[in-house]
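Residue numbers (my numbering), protein chains in the order written: chain A, 1 to 262; chain B, 1001 to 1262.
What follows is the structure, given as structure tokens:
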């Protein structure tokens, strides 16, 4: 084939990219088609070990599974590979924009301070986030205004978390909590429950959704007065309703309306 | 084939159900496989006209498209049909649990006060909600704790919305707003911007995402000081960052960390 010089691409280097993907809560039928397509096109997949395990191996695809708490190193590695022309899928469970890898990639981009990296094709593809997958299994507890709070104090002071719980209660938000409890900070969740009882009232409903959409899923709803810290672990998403949240048959829902100022 | 009486189902009436589905923000490649499967099994689809238009016609499927603001009537109709043995898909855009049809179905179930309906198979299947689809296109503005607020005062007093904006600002939440502005209440969004400037500071970034994932999508990010009410309409999702939200290249993101008490 012939062609004049003008029509030829001026840069024939392979076009790398970073696409930050949400794999949803666990059930493969909850992954979007656009995410599946990107996985099929990728040369490299990076992510936390259990999420990378969800990606089927195939020729031409290199899997880079890393441990938790190395998000910025992992993100930097993804950017480096994209700059070399690789097509890199960064995988998160749930939605990458909700307490997951999307912010870590942009933090890494800022820290790297490499002007050429700002030209890289970086895209975020959403997924079903754990809080909304849990909400769907419970009924519709987030059916009114709500707040999403990461209860881990790895990256922010615990005092700020306490302040947010109080203000969210005062605002009458339903709430979804990620990372409610871990072995390294077993008593903070008990303290969170104490604050919630004060801020929302002890009769407010709280749901514990463990392993949502996975084998062994459990959903438990009790009042804040009945809730104990053992009901949550790191595989649990916790959802607290507002004062109008109620049961109807086996379902729990928050009405769309609010009759007064809360 | 033979079988003894014990093995036969005791009830051979057709098993009806109501499944409340999230179609995502608009792009068909953002619909999950489980939602596609339910649409393929349904005998009836109910929903607001533009969402029902997204469902392909086929023999054996009846489409029931209704106008906006009749959510509880539509939900009651869905429950009635399921009680008659029909397989009813209630369709919402985005996620049905976020300012959409899931709460309306449970409200209708409660209002109907029909004990047999409490036995109906009612399930909610999540979808990609507009706020998180918009967040992905912007970068990662919801990468830290956040609140989701419906700015319509159809179902709650405007004074409660003002209170929630102030408290969410005080908490340092990023915020996502649904239904920011309509013709029937053109000046409330200007008032919301005023409150946000006071509560969050005028240099805080605000993004307007219109027709996310659809043809003609536009994304605009400015500071709260630069924002005007005309930037939003009912097809816009509005996202406000926190004080750490920043630009890096063409992206806007909120860091995962918070260095102090906000």
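Even glycine gets a Cβ: it sits at the ideal position worked out from N, Cα and C.
Write down every uninterrupted run of the alpha helix (DSSP H) in the stretch 149 to 186 of chain A whose length is 4 residues or greater and which is fully enclosed by it, in chain order.
158 to 171
Using a beta-carbon distance cut-off of less than 7 Å, what residues from the stretch 125 to 139 of chain A approach chain B?
125, 126, 128, 129, 132, 133, 135, 136, 139
Nearest CA to the CA of residue 1181 of chain B: which residue from B:1101, B:1224, B:1154?
B:1154
Would you tell me roughly how many angstroms separate the C-alpha atoms of residue 95 of chain A and residue 206 of chain A, rounded to the nearest one?
23 Å
Fully enclosed by the stretch 194 to 240 of chain A, which beta strand (DSSP E) runs are 3 residues long or longer?
205 to 210, 218 to 223, 236 to 240
Grouping DSSP H, G and I as helix and E and B as strand, with all else coil, what is residue 92 of chain A?
strand
Under the three-state DSSP convention, the category residue 1042 of chain B falls into:
coil
Do residue 1022 of chain B and residue 1103 of chain B have their C-beta atoms within less than 8 Å of each other?
no
Smallest Cα separation from residue 56 of chain A: which of A:71, A:70, A:40, A:66?
A:40
What does residue 1255 of chain B touch in chain A if you count any residue whose Cβ is under 7 Å from its own?
103, 107
Sequence-distant residues of its chain with Cβ nearer than 6 Å to residue 227 of chain A (five each side left out):
193, 206
Do you know how far the Cα of residue 1139 of chain B is from the Cα of residue 1006 of chain B?
Reliability of the predicted coordinates at residue 1006 of chain B is poor, the pLDDT of 45 falling under 50, and no value is obtained from them.
List the residues of chain B whose Cβ lies closer than 8 Å to the Cβ of residue 31 of chain A, in chain order.
1032, 1033
Which residues, in chain order, does the stretch 224 to 256 of chain A contribute to contact with chain B at a C-beta distance below 8 Å?
246, 248, 249, 250, 251, 253, 254, 255, 256
Alpha carbons only, please: which of A:246, A:243, A:15, A:191 is nearest the one belonging to residue 119 of chain A?
A:15
Beta-carbon neighbours of residue 1170 of chain B, restricted to chain A and to distances below 8 Å
167
Quick one: does residue 156 of chain A have its CB under 8 Å from some CB of chain B?
yes
Nearest-angstrom Cα separation, counted from residue 1086 of chain B out to residue 1163 of chain B:
43 Å
Residue 147 of chain A beta carbon less than 8 Å from that of residue 173 of chain A
yes
Taking CB distances under 8 Å as the criterion, tell me whether residue 189 of chain A reaches chain B.
no
Using a Cβ distance threshold of 8 Å, determine whether the stretch 30 to 38 of chain A contacts the stretch 124 to 136 of chain A, with at least three qualifying pairs required.
yes
Can you check whether the CB of residue 1223 of chain B is closer than 8 Å to the CB of residue 1252 of chain B?
no
Own chain residues within Cβ distance below 6 Å of residue 177 of chain A, not counting five before or after:
149, 151, 238
Please classify residue 1070 of chain B: is it buried, with 16 or more other beta-carbons within 10 angstroms of its beta-carbon, or exposed?
exposed
Closer than 6 Å by C-beta to residue 211 of chain A: which residues in its own chain qualify, once you throw out the five before and the five after it? Chain order, please.
217, 235
Using a beta-carbon distance below 8 Å, is residue 1177 of chain B in contact with chain A?
no
Beta carbon proximity, residue 113 of chain A to chain B, threshold 8 Å:
no
I'd like the span of the beta strand (DSSP E) that includes residue 1253 of chain B, first residue to last.
1251 to 1253
So for residue 99 of chain A, helix, strand or coil by DSSP?
coil
For residue 247 of chain A, which beta-bridge partners are listed by DSSP?
A:252
Once DSSP output is grouped into helix, strand and coil, what is the label at residue 1072 of chain B?
helix
Give a yes or no on contact between the stretch 1071 to 1081 of chain B and the stretch 1106 to 1115 of chain B, applying the rule of three or more CB pairs nearer than 8 Å.
yes
Going by DSSP, what residue range makes up the alpha helix (DSSP H) through residue 132 of chain A?
130 to 138
Alpha helix (DSSP H) containing residue 1052 of chain B: first to last residue?
1049 to 1052
Where residue 1150 of chain B meets chain A, residues with beta-carbon distance less than 9 Å
144, 145, 256
Going straight from the alpha carbon of residue 1284 of chain B to that of residue 1042 of chain B, what length do you get?
Residue coverage of chain B in this structure runs from 1001 to 1262, which leaves residue 1284 of chain B outside it and unanswerable.
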